[in-house]
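Below is one structure, written out as structure tokens, with a few remarks after it.
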Amino acid sequence: MLALTVGIGKAVQIGEAAVVKVEDKQGRAVKLVFATDIYPIRILDDGVIPPRFTRGITGRPRPY
6 MLALTVGIGK AVQIGEAAVV KVEDKQGRAV KLVFATDIYP IRILDDGVIP
56 PRFTRGITGR PRPY
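Numbering-wise (the working numbering), the sequence shown opens with residue 6 and increments by one.
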């Protein structure tokens, strides 16, 4: 997993699949813009990252 600090107006490219831009921030809310052909894009209200998107200490995907 990678954690980045990204300022307003900056963007992060995810391989050739997507670009995520930080459009605005107000208090604890952030407005993100997603440029991708991948869908659906969903908000995970509990904030828990599904195991299939995480990797263990070996760098291999965790079993789920």
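Each residue gets a CB set at the ideal place from its N, CA and C atoms; glycine is no exception.
Worksheet item: Is the beta carbon of VAL4 sitting closer than 9 Å to the one on VAL11?
Response: Nothing in the structure corresponds to residue 4, since the chain is present only between 6 and 69.
Worksheet item: If you draw a straight line from the alpha carbon of GLY32 to that of THR41, how long is it in whole angstroms?
Response: For this step, residue 32 is matched to residue 27 along the sequence shown. For this step, residue 41 is matched to residue 36 along the sequence shown. Going by the C-alpha atoms only, they are around 27 Å apart.
Discussion item. Considering only the alpha carbon of each residue, which of GLN18, GLY14, PHE39 and ILE43 lies closest to LYS30?
Written reply: The residue labelled residue 30 in the question sits at position 25 within the sequence shown. LYS30 has its Cα closest to that of GLY14, out of GLN18, GLY14, PHE39 and ILE43.
Worksheet item: Nearest to LYS36 by alpha carbon, out of ALA16, PHE58 and ARG57?
Response: Numbered from 1 along the sequence shown, position 31 holds the residue referred to as residue 36. The candidate whose alpha carbon is nearest that of LYS36 is ALA16.
Worksheet item: Looking at the unbroken beta strand (DSSP E) that takes in THR10, where does it start and where does it end?
Response: Numbered from 1 along the sequence shown, position 5 holds the residue referred to as residue 10. Premise fails: THR10 is in no beta strand (DSSP E) and is neither H nor E.
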